[in-house]
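**Student:** My questions will all concern the structure given below.
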Amino acid sequence: MNLIDQLRAAVGTANVLTHDDPGADLSPWEQDWRKRVRGKALAVVRPGSTDEVASVVRAVAAARAAGQSVSIVPQGGNTGLVVGGVPDASGTQVLLTLQRMNRVRAIDPANLTITVEAGCVLQNLQKVADDAGFLFPLSLGAEGSCTIGGNLGTNAGGTQVVRYGNTRELCLGLEVVTAQGEIWSGLTGLRKDNTGYDLRDLFIGAEGTLGVVTAATMKLYPRPAAQLTAWAAVPSMDHAVQLLGLAHQHLGAGLTGFEVMGQFALSLVDKHYPQLRVPLWRDTPWCVLLENADSENEQHARAQFETLLERALEQGCVTDAVVAENLSQAKGLWHIRESITMAQAEEGHNIKHDISIPVSRIPTFVAETDALLAREIPGVRMVDFGHLGDGNLHYNVQAPEDADGQAFLRDWEERVNTLVFDQVLRHHGSISAEHGVGELKVHKLPTYKDPTALAMMRSLKRALDPHNLLNPGRVLA
Ligand code: FAD
Ligand code: MLT
Ligand code: ZN
391 MNLIDQLRAA VGTANVLTHD DPGADLSPWE QDWRKRVRGK ALAVVRPGST
441 DEVASVVRAV AAARAAGQSV SIVPQGGNTG LVVGGVPDAS GTQVLLTLQR
491 MNRVRAIDPA NLTITVEAGC VLQNLQKVAD DAGFLFPLSL GAEGSCTIGG
541 NLGTNAGGTQ VVRYGNTREL CLGLEVVTAQ GEIWSGLTGL RKDNTGYDLR
591 DLFIGAEGTL GVVTAATMKL YPRPAAQLTA WAAVPSMDHA VQLLGLAHQH
641 LGAGLTGFEV MGQFALSLVD KHYPQLRVPL WRDTPWCVLL ENADSENEQH
691 ARAQFETLLE RALEQGCVTD AVVAENLSQA KGLWHIRESI TMAQAEEGHN
741 IKHDISIPVS RIPTFVAETD ALLAREIPGV RMVDFGHLGD GNLHYNVQAP
791 EDADGQAFLR DWEERVNTLV FDQVLRHHGS ISAEHGVGEL KVHKLPTYKD
841 PTALAMMRSL KRALDPHNLL NPGRVLA
């Protein structure tokens, strides 16, 4: 049997799509979200169970061992932003989509855990948790399409990290198909386990290069008794950082979100989605969206929030603010924040960054780097926003008005990345806080990652995937 026939035998004929199939359209799996790259898959394979994933991996591994130049690219919702989950153009990669594996396997209310398959869409997981009376706190703009497997693959962050941590902190156990096609059943709901190396953490954030995550046991939390959201105008990034300090002081663990948004980023939302009615953005360089989740009651939350905003107004770090009066207003404010990515995409191609640096250094970083960029590219437009509470900025560079976006990328992307990443290094930061390395940053890693760390990463890759079967060319060149 040739490889395609073996794949059909493994997952059923209807679940293997190839370009030779009459009328087949593989583009949803081959085109990345940002439309940076359009690959060509040997086949799109849609397994429905962990055993089927293992059979697929074994078949491709055997073909590779027999000398065929084939490999596997795992994919979830295909919302990744660094070209990590689409095939390359060679036509030799099997695109393994976990989308059919979307069941919730179990909820354990006493243990505060939920076990789900990798293809479960994040929003569905949030809803199942909510219906059961719990909170699953991972939240990001792509939640209607991204999957928990992809969230684990990228160690996604999102808007609640300041309180609940990244996806890594929310995960207790994994089921993984290894590069050899074996199944590691690590779906423990244990919060403590010191029996050696933490294998789970190896696969989280590995971007599909070390194993295929097929299921995960994730933490649940009690739903907060009350949630309050405020949108504040702040006069400078220094003041935004000062406001963050006040929020920590006054809200403690109640602070669940702290997002900063620059004026130009908000102007793009206003331009492309005027129906969203962005508040306060016209007269201030920055706005902050912050959330207080309270375990007592609404009155307590409101009192805490009012004290915080009073102090902030007194100290001049807030010039104006609106507090959402109900959940639907709060959702509206969050929707504005989550729409920046789409608005920026509507505006045209741009150079995206998801850097992190210590919060204390962010004002200096922004001032210095803005000045460097403005000097190099007259008219450049900065789309700055992000998770200031985590020291994570989306420091994005948009072409000057009327410039051709494609030409801007061609002429400037490499230079701009070097300039921004050099600044990140100087300020002791990371060139990727959220989106990962994928293909877009793979050539940059050797310059900006500690050489000993990089050598250990290469050793781990060789140990777990010696034949480079899984997502070759991503994370490590
Ligand atoms: P995919 O795009 O399908 O894959 C991403 C990577 O994970 C690839 O390398 C892939 O090979 C690997 N992978 C996928 N499934 C598996 C699996 N089962 N096993 C092993 N590897 C796997 N990211 C953030 O961190 N924070 C944000 O706030 C955020 N907001 C976003 C907003 C928008 C509008 C968009 C489009 C993206 C955003 N992202 C954000 C980026 C992206 O949504 C996340 O990285 C998300 O976690 C990707 O999930 P996915 O299922 O779409 O994964
Ligand atoms: C976000 O925080 O909205 C995301 O990480 C997506 C982006 O950077 O555009
Ligand atoms: Zn983000």
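In this text, residue positions in the sequence shown follow the numbering used here: the first is 391, and each later residue adds one. Glycine residues also receive a C-beta, built at the ideal position from the N, C-alpha and C atoms.
Comparing C-alpha positions only, which one of 494, 612, 603 and 649 sits nearest to residue 531?
**Tutor:** For the residues 494, 612, 603 and 649, the minimum Cα distance to residue 531 belongs to 649.
**Student:** Look up residue 743 in the DSSP assignment and say whether it is helix, strand or coil.
**Tutor:** In this structure, residue 743 counts as coil in the three-state DSSP scheme.
**Student:** Pick helix, strand or coil for residue 759, following the three-state DSSP scheme.
**Tutor:** In this structure, residue 759 counts as helix in the three-state DSSP scheme.
**Student:** For residue 697 and residue 553, which I take to be in contact (beta-carbon distance under 8 Å), what is that distance rounded to the nearest angstrom?
**Tutor:** Between residue 553 and residue 697 the Cβ distance is about 19 Å, and since that is not below 8 Å, they are no contact.
**Student:** Contact between the stretch 778 to 796 and the stretch 736 to 747 is defined here as three or more beta-carbon pairs at a separation below 8 Å; is this criterion met?
**Tutor:** The stretch 778 to 796, when compared against the stretch 736 to 747, does touch it at the 8 Å Cβ threshold.
**Student:** Around the Cβ of residue 461, are there at least 16 other Cβ atoms within 10 angstroms (buried) or fewer (exposed)?
**Tutor:** Buried, because 16 or more other Cβ atoms sit within 10 Å of the Cβ of residue 461.
**Student:** Return the first residue and the last residue of the alpha helix (DSSP H) that residue 846 is part of.
**Tutor:** First-last of the alpha helix (DSSP H) with residue 846: 841 to 854.
**Student:** Using DSSP with H/G/I as helix, E/B as strand and the rest coil, what is residue 601?
**Tutor:** Strand at residue 601.
**Student:** Taking the CB atoms as reference points, tell me whether residue 546 and residue 537 lie closer together than 7 Å.
**Tutor:** Cβ atoms of residue 546 and residue 537: not closer than 7 Å.
**Student:** For residue 800, report the span of its alpha helix (DSSP H) as first-last.
**Tutor:** Where residue 800 is concerned, the enclosing alpha helix (DSSP H) stretches over 795 to 816.
**Student:** Where does residue 580 land, buried or exposed, given buried means 16+ other C-beta within 10 angstroms?
**Tutor:** Exposed is the call here.
**Student:** For residue 526, which three-state DSSP category applies?
**Tutor:** DSSP places residue 526 in coil when its eight states are reduced to three.
**Student:** Looking only at C-alpha atoms, which of 493, 520 and 430 sits nearest to residue 508?
**Tutor:** Here the closest residue by C-alpha is 493.
**Student:** Please name the residue or residues paired with residue 695 in a DSSP beta bridge.
**Tutor:** According to DSSP, residue 695 bridges with nothing at all.
**Student:** Mind checking residue 757: buried by the 16 CB within 10 Å criterion, or exposed?
**Tutor:** Burial call: exposed.
**Student:** Which class does residue 821 belong to by DSSP, given the choice of helix, strand or coil?
**Tutor:** Three-state result, residue 821: coil.
**Student:** Put residue 776 into one of helix, strand or coil per three-state DSSP.
**Tutor:** Residue 776: strand per DSSP, three-state reduction.
**Student:** What are the start and end residues of each continuous beta strand (DSSP E) run of 3 or more residues lying completely inside the stretch 645 to 718, in chain order?
**Tutor:** Runs of the beta strand (DSSP E) inside the stretch 645 to 718: 645 to 652, 676 to 684 and 710 to 713.
**Student:** Taking all protein chains shown into account, do 16 or more other C-beta atoms lie within 10 angstroms of the C-beta of residue 869, making it buried, or fewer, making it exposed?
**Tutor:** As shown, the chain starts at 391 and ends at 867. That puts residue 869 outside it, with no answer to give.
**Student:** Helix, strand or coil for residue 864? Go by DSSP, reduced to three states.
**Tutor:** In the structure shown, residue 864 sits in coil (DSSP, three-state: anything other than H, G, I, E or B).
**Student:** Using only alpha-carbon positions, find the residue among 700, 734, 730 and 692 that is nearest to residue 715.
**Tutor:** It is 692.
**Student:** Using a threshold of 7 Å, state whether the C-beta atoms of residue 487 and residue 513 are closer than that.
**Tutor:** No. Outside cutoff.
**Student:** Out of curiosity, what's the CA-to-CA distance linking residue 584 and residue 555?
**Tutor:** So the alpha carbons of these two residues sit roughly 21 Å apart.
**Student:** In terms of residues, what are the limits of the beta strand (DSSP E) holding residue 346?
**Tutor:** Residue numbering for the chain in the displayed model covers 391 to 867; residue 346 lies beyond these limits and cannot be assessed.
**Student:** Is the Cβ-Cβ distance between residue 850 and residue 569 less than 7 Å?
**Tutor:** No.
**Student:** In angstroms with no decimal places, state the Cα-to-Cα distance between residue 599 and residue 423.
**Tutor:** One C-alpha to the other measures close to 20 Å.
**Student:** The beta strand (DSSP E) spanning residue 566 covers which residue range?
**Tutor:** 561 to 568 is the extent of the beta strand (DSSP E) around residue 566.
**Student:** So, under 8 Å CB-CB, residue 674 and residue 653 are touching, yes? Tell me the CB distance rounded to an integer number of Å.
**Tutor:** Contact holds; Cβ gap of about 7 Å.
**Student:** Which residues are close to the ligand MLT, meaning CB closer than 5 Å to any heavy atom, in chain order?
**Tutor:** Spelled out in chain order, the answer is 531, 731 and 784.
**Student:** Looking at residue 832 and residue 793, is the spacing between their C-beta atoms short of 7 Å?
**Tutor:** For residue 793 and residue 832, no; Cβs fall outside 7 Å.
**Student:** Taking 8 Å as the threshold, find out whether the stretch 604 to 619 comes into contact with the stretch 627 to 637 through three or more Cβ pairs.
**Tutor:** Result no; under three Cβ-Cβ pairs closer than 8 Å.
**Student:** Can you check which of these residues, 754, 515, 417 and 818, is closest to residue 430 by C-alpha distance?
**Tutor:** The candidate whose alpha carbon is nearest that of residue 430 is 417.
**Student:** Please look up how many angstroms separate the CB atoms of residue 534 and residue 511, rounded, as I've assumed it's under 8 Å.
**Tutor:** The pair is a contact, with the Cβ atoms about 7 Å apart (cut-off 8 Å).
**Student:** Using 6 Å as the cut-off, classify the Cβ of residue 829 as near or not near the heavy atoms of the ligand ZN, replying yes or no.
**Tutor:** Flag unset: Cβ of residue 829 not near the ligand ZN.
**Student:** Look at the alpha carbon of residue 862 and the alpha carbon of residue 664, and state the distance between them as a whole number of angstroms.
**Tutor:** Their backbone Cα atoms lie some 43 Å apart in a straight line.
**Student:** Whole angstroms are fine: how far does the CA of residue 624 sit from the CA of residue 576?
**Tutor:** Roughly 46 Å separates the two Cα atoms.
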